[in-house]
Amino acid sequence: MSMLGQRYNISIPAANILFIDQPAGTGYSYAKSLEGSLTSDTLSARQTYDFLRKWLIDHPKYLENPLYLFGESYAGIILPLIVNEVYN
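So for the sequence shown, this note's numbering puts the first residue at 94; every next one is plus one.
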C-alpha cells in the first residue's frame, strides 16, 4: 500500500493555525523602517523563529500542541532554515 493516499474518515474537531507572512514586506506584513525590511534568508529564518518563540511565550496554552511548519514557493528555501532554528 502506498504511503500517500486519501483518508475519508478523519475527525478533526478543531485546529489552531497561525499564518506568518515573511520576510517583512510580503503579503500583509510590513516593516516600520527601511532597516526592518532589509533581510537575508538566514536573518528571515531567525526573525521567524524569534516571532514563534515570543508568540508561544505569550500564548502558553499552545506549547503542548504539535508544531507543523508548512510553506509554498520560496518557503522551500527558508523553511529548512526555520526548522533548524526550532530544532536547535
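Yeah, the Cβ is synthetic: ideal placement off N, Cα and C, and Gly gets one too.
- Under the DSSP assignment, P173 falls in the alpha helix (DSSP H) whose first and last residues are 168 to 180.
- Contact annotation: the stretch 118 to 138 does not touch the stretch 150 to 166, with fewer than three C-beta pairs closer than 8 Å.
- Annotated as proximal: I171 and D134, with beta-carbon spacing under 7 Å.
- DSSP places F144 in the helix class (H, G or I) of the three-state scheme.
- Leaving aside the five residues that flank P116 on each side, the residues in its chain whose CB is nearer than 7 Å to its CB run, in chain order, T132, S137.
- For T135, the secondary structure class from DSSP, reduced to helix, strand or coil, is helix.
- DSSP, read as helix, strand or coil, puts S130 in helix.
- For Y121, the three-state secondary structure derived from DSSP is coil.
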